[in-house]
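Okay, so here's the structure we're looking at.
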Amino acid sequence: MVDYTYSDDGMPIPKHSGAFANPFVSEEDVTNIFDIREDGFDVTLSLANGKISWVSVSGNKGVRSKGLFKKKKGVAEEVLPLEDILGVKIKRRKTPGHHEGEGMCQGFTIYAYQVFGPNNLKERIIELEHPSEKICKEYCEKITDYLDAIKERPKSMKLYIQSHAGPHNSSNIYKQKIQHLFEAANLIVDSTEIQHNEYVKQEMIHLEVDQYDCICCVGGDGTVSKVTTALLNKIQASKHIDLKNGLTPARCHIPLGIIPTGTTNQAAKSVLGQLDPVSAAINIILGRTAAVDVISIFHKDKFLQWGFICQYGFAGNVLKLAKKYNRVGLGSKGLDAAVVKALSKSKFRKYECDIEYLPADPLSSEQQYTVCRTGCDVCVPIDASKQDDNTSDVVEECIVQPFNSSNNSNDFNSLSDTEQLSEEVLEDNPWKASKGSYYHVGLYSIPGNCEVAPEGLSKFTHLSDGAMELVLVKDCSRRDFIRYLKRHGNHKNQFDFPFVEIHRVKDVRFKPRYPMGWNYNDTTYNEVEDRMKSIEHRMSVQGVKSGDAFIIDGENGSIHTPSPRRADSVEDLDDLDDTDEDDEIDDVSPPGSCTGSGNKNNNIYKRKDNVLVNSAPQDQRLVGMQYRQTFADEERWRRKKKVLKKEEKKRIKEESKIQTVWNIDNEICDDTLLSFRVHHGLLSVYGVGLSPDTVFINSPLSCLPLIN
Numbered sequence: 001m002v003d004y005t006y007s008d009d010g011m012p013i014p015k016h017s018g019a020f021a022n023p024f025v026s027e028e029d030v031t032n033i034f035d036i037r038e039d040g041f042d043v044t045l046s047l048a049n050g051k052i053s054w055v056s057v058s059g060n061k062g063v064r065s066k067g068l069f070k071k072k073k074g075v076a077e078e079v080l081p082l083e084d085i086l087g088v089k090i091k092r093r094k095t096p097g098h099h100e101g102e103g104m105c106q107g108f109t110i111y112a113y114q115v116f117g118p119n120n121l122k123e124r125i126i127e128l129e130h131p132s133e134k135i136c137k138e139y140c141e142k143i144t145d146y147l148d149a150i151k152e153r154p155k156s157m158k159l160y161i162q163s164h165a166g167p168h169n170s171s172n173i174y175k176q177k178i179q180h181l182f183e184a185a186n187l188i189v190d191s192t193e194i195q196h197n198e199y200v201k202q203e204m205i206h207l208e209v210d211q212y213d214c215i216c217c218v219g220g221d222g223t224v225s226k227v228t229t230a231l232l233n234k235i236q237a238s239k240h241i242d243l244k245n246g247l248t249p250a251r252c253h254i255p256l257g258i259i260p261t262g263t264t265n266q267a268a269k270s271v272l273g274q275l276d277p278v279s280a281a282i283n284i285i286l287g288r289t290a291a292v293d294v295i296s297i298f299h300k301d302k303f304l305q306w307g308f309i310c311q312y313g314f315a316g317n318v319l320k321l322a323k324k325y326n327r328v329g330l331g332s333k334g335l336d337a338a339v340v341k342a343l344s345k346s347k348f349r350k351y352e353c354d355i356e357y358l359p360a361d362p363l364s365s366e367q368q369y370t371v372c373r374t375g376c377d378v379c380v381p382i383d384a385s386k387q388d389d390n391t392s393d394v395v396e397e398c399i400v401q402p403f404n405s406s407n408n409s410n411d412f413n414s415l416s417d418t419e420q421l422s423e424e425v426l427e428d429n430p431w432k433a434s435k436g437s438y439y440h441v442g443l444y445s446i447p448g449n450c451e452v453a454p455e456g457l458s459k460f461t462h463l464s465d466g467a468m469e470l471v472l473v474k475d476c477s478r479r480d481f482i483r484y485l486k487r488h489g490n491h492k493n494q495f496d497f498p499f500v501e502i503h504r505v506k507d508v509r510f511k512p513r514y515p516m517g518w519n520y521n522d523t524t525y526n527e528v529e530d531r532m533k534s535i536e537h538r539m540s541v542q543g544v545k546s547g548d549a550f551i552i553d554g555e556n557g558s559i560h561t562p563s564p565r566r567a568d569s570v571e572d573l574d575d576l577d578d579t580d581e582d583d584e585i586d587d588v589s590p591p592g593s594c595t596g597s598g599n600k601n602n603n604i605y606k607r608k609d610n611v612l613v614n615s616a617p618q619d620q621r622l623v624g625m626q627y628r629q630t631f632a633d634e635e636r637w638r639r640k641k642k643v644l645k646k647e648e649k650k651r652i653k654e655e656s657k658i659q660t661v662w663n664i665d666n667e668i669c670d671d672t673l674l675s676f677r678v679h680h681g682l683l684s685v686y687g688v689g690l691s692p693d694t695v696f697i698n699s700p701l702s703c704l705p706l707i708n
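Every letter in the sequence shown is one number past the one before it in UniProt numbering, and letter 491, counting from 1, is 491.
Written as C-alpha cells, this is what we have:
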C-alpha cells in the first residue's frame, strides 16, 4: 500500500507506508554520468523521493545487470527504490600489494534484490563505473545514510553456524553465498561455529544480547530449537522470570534469523516459504519479521525447552530409526527407510495415552479452514511498542482433576473419596479429557511446511494466533494410516478422515498409560529387600522412631512398641506381659550368670530410653580363611548373568511396545510425561510467511507406494 504526502503546490508525493519516516525530504537530488554495461547513463539520486534512477544518454533504453536481467525495450527510465537496496560498495582495481580500501577507484556497486516468483528473492548486482572517487563516495555515503535511517534493518548480528547440519556444508554456503551480502549491507557479524549440543546454551548465558540487533543461526530444525531455547531463556532470566510450569514469559525483543541448511527445515519454510539461503539472508538484511507462537515444554515441574512442533507415536518411531540409519551412512535415503520400517508389522503400533487439553477460542466457520498466508486475518498482530511486555496468554486457573497416580488404572483421572469434586465444579471445568489408543499425537504452533508436506504437517495452523493444533490419529488400519500420510504430499485435507481428530487448544497435558504388569521374569527382585522397604514405610507412617524398640506381627505385618518389662533373659522379652510404667529394671542377668545379692557389677543389661541394651563389651570373634569360589560357582554366576542380560533385553523390548519418544522439532526427547502451553507471538522471526501466490507441487514420500 502506497501512502502520499502533499507539497505546497498540492502535488502528491509517495512515501513509505510503514514505520519509516523519510528524514531526507529536503535533500537535493544529485545527478552525474556513469557507465553501466559499457553505455553512458545520467544517474540521479533522490533521497527526498527515496529512489535512484538512470536514463541513457545515447538513446538506448534499459540496462542489463550482470547477466541476470535483459534490456527492457521501450522503457525510457529505470527506477530503483532505495528500500530495495541491500548495500553499496566502492569498486576498486586492486593489485597483490593493496589492502582493503586501497586501489584505483572504478565506480561503485549496488547490491539489490529481485523477486523471482513467490517467496523467492535473488540478489541483483548493478555496477556503475566512474573514475572520480569523490563522486562515488558521495553516492555511497548518501545511500548508506538513507539505509541506516531504516530502524527495522539490523546493524549488528550474533551468528551461530552448525557445520554438521544436513550435508555438512553450512560453513561453505555461508562463505560463498551469504557473507558478501552481509558485508555489502555493512552488517557487523560476530560468527561462531557450534562445537557441541550444549554450546549455544552455555555461551548464551554469558552473552550480552543487548549488544546485537538480531540473533541468527545457520542450520536445520535442531539448531533452530537450541538457539530459540537459549535465547528465550536468556530473555526470561534478564526479566527475572522463573521457568516454572504455568509461567507467563516476557516477549523476546531480539528477532531470530534462520538460514536453512539442515536435513529438515520445517521452522524456516513455515516462515520464509522456501529453503533458499540467499532469500533468507535478504529478509534478514531488509528487517522483515513475523511474530511466531512458541510452545513451552515441561516434564512435571521441570522446564525442558521451547519448541514449535511436538509429535508422539509414529513420528517418534520414524525419528529414532532415521537417527539410527543416519549413523550407518544411509544419508538422504535414511528417512524413506525409517518410514518403511516404522510402517512394518513389527513396528507399527498404537499407544495408550491420557490427554488433557484446554480448548482455545473457536474460529468462525469461514476462518476454520483458512490457510495462513502473508497478511493473514486470523493471525493477531503484535504491537511493536509492547515488545518488552509479558505475553497475555495466562491460562484460566481452575480446579482440574489430577492424573491418576496409578499408571495401570482404567479410570481416567480417578479421585479418592476425600478428593471427589462436586458436579457443579466439574461442569464449570473448561479442561477436556481424552483417553485411548493413538497412532499419532501432534502439537503444532506453526504449519510445519517441509518437503514431504509442502502445505504443512498441519496446514490450518497459523503463525501467530495464540493457539496450537492438537492432532490425534486414533485406532485405524495400516492401510488407512498410509492414506493419511499420502495426503500430506498433495492438496487434499489430511484431516478429512473419521479416525483423525483436530482440536484448537492452548494448553495440553500428556501421559502414557502402562499395562497391569510385565510379561517377563524380573530376576532382580529381592523379597527380603522389598519386605524391609515395606516395614520402613509403615514405621514412617505410624511414627515409630528408629531408636525405639518395636515388634512386628508376623500375621498382619503390624508394628507396635513394647512397654518396659522384666525378664529372666533377653530371649524371653517377647513372651512377657506388659508391666507398669513405674517398674524399674535394674538387675537383668543372662542365663547361667552368678547373681549375688547386691552385686551391681554383674548387671550388664541396663535400661536406656526404655530399651534393654547390653552394656558389656562384646567378645571378639576370629575370622577364618575367606571362602573362594569354585569353578562350579563361577559357571553358575556366569549363567545367571546371561539370564539377567536376556531378561533385560526382553524388558526393553516390552517397554518399546507400550511407549515411544517425543519428536520435538526433529530432536528426540526421552521424557514422556509432558505438559505444553502455547505463547502468543513470543518470538519474532525474519520472514513474512508464505505468499498468497505460492504454488505447491505434490511431493509424497517415494517409499509409500511400495508398501502393501
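Glycine included, every Cβ here is placed at the ideal spot set by N, Cα and C.
Leaving out five residues on either side along the sequence, give the residues of the same chain with a beta carbon under 6 Å from the beta carbon of E203.
none
Buried or exposed, going by whether 16 or more other CB atoms sit within 10 Å of the CB of E635?
exposed
Assign Q274 to buried or exposed, taking buried as 16 or more other Cβ atoms, counted over all protein chains shown, within 10 Å of its Cβ.
buried
Alpha helix (DSSP H) segment containing C252, residue limits
Looking at the DSSP string, C252 is not in any alpha helix (DSSP H), and its letter there is neither H nor E.
Tell me where the beta strand (DSSP E) around C353 begins and ends.
351-359
Identify whether H440 lies in helix, strand or coil by the three-state DSSP scheme.
strand
Whose C-alpha, out of T672, H680, H679, is nearest the C-alpha of G313?
T672
Quick check on the DSSP output: what are the complete beta strand (DSSP E) runs of length 3 or more inside the segment 660-684, in order along the chain?
662-664, 667-669
Does DSSP put V695 in a helix, in a strand, or in coil?
coil
Taking DSSP as the reference, what is the three-state secondary structure of H299?
strand
Please go through the same chain and pick out, in chain order, the residues whose beta-carbon is closer than 6 Å to the beta-carbon of S684, but skip the five residues on each side of it.
P255, T289, A291
Continuous alpha helix (DSSP H) stretch holding V328: start and end
Element bounds for V328: n/a, residue is neither H nor E.
In chain order, what residues of the same chain have a beta carbon less than 8 Å from the beta carbon of L82, not counting five sequence neighbours either side?
L47, G50, K51, I52, I143, Y146, L147
Output the distance between the C-alpha atoms of L463 and L231, rounded to the nearest integer angstrom.
19 Å
Put D507 into one of helix, strand or coil per three-state DSSP.
strand
Is it the case that the Cβ atoms of L45 and Y113 are separated by a distance below 7 Å?
no
If you drop the 5 nearest sequence neighbours on each side, which residues of the same chain put their C-beta closer than 6 Å to that of E501?
L472
Express the C-alpha separation of G687 and N407 in angstroms, rounding to a whole number.
Its pLDDT being 44, under 50, N407 is placed unreliably in this model, and the value from its coordinates should be taken loosely. Taking the straight line joining both Cα atoms gives about 44 Å.
Under 7 Å, do A315 and Y325 count as touching if we go by C-beta distance?
no
At what residue ranges does the segment 108-177 contain a whole run of the alpha helix (DSSP H), taking only runs of 4 or more?
133-148, 170-173
Assuming Y160 and V227 are in contact, meaning their beta carbons sit under 8 Å apart, how far apart are those beta carbons, in whole angstroms?
6 Å
What are the start and end residues of the beta strand (DSSP E) that includes D29?
Per DSSP, D29 belongs to no beta strand (DSSP E) and is neither H nor E.
What separation, rounded to the nearest whole angstrom, lies between the Cα atoms of F497 and D190?
49 Å
Is T44 near the ligand NAP, with its Cβ less than 6 Å from a heavy atom?
The model on display carries no ligand, and the ligand NAP is accordingly not part of it.
Classify V57: buried if its beta carbon has 16 or more other beta carbons within 10 angstroms, exposed otherwise.
exposed
Alpha carbon to alpha carbon, how far is L181 from K155?
13 Å
Are the CB atoms of N265 and G220 nearer to each other than 7 Å?
yes
Cutoff 8 Å; reference G681; Cβ partners in own chain excluding five residues on either side:
R251, A291, V292, D293, V380, I382, T391, S464, G466
Which term fits L576, buried or exposed, when burial requires 16 or more other beta carbons within 10 angstroms of its beta carbon?
Because L576 carries a pLDDT of 40, less than 50, the predicted location of this residue cannot be relied on, and the following value inherits that uncertainty. Exposed: under 16 other Cβ atoms inside 10 Å.
Proximal residues to P277 (C-beta, below 7 Å), its chain only, five neighbours per side dropped:
I173, K177, I178, I259, P260, T261
Got a sec? Which residues, its chain only, sit under 6 Å from V218 by beta carbon, not counting five neighbours each side?
I161, S170, Y174, I259, T261
Cβ of D42 within 7 Å of Cβ of V55?
yes
Is D411 helix, strand or coil by DSSP?
With a pLDDT of 41 at D411, under the threshold of 50, the modelled position of that residue is not reliable, and no figure is offered here.
Could you check what DSSP says for A338 in three-state terms: helix, strand or coil?
helix
For W662, does the count of other Cβ atoms within 10 angstroms reach 16, so buried, or fall short, so exposed?
buried
Taking the continuous beta strand (DSSP E) assigned at Y312, which residues delimit it?
309-313
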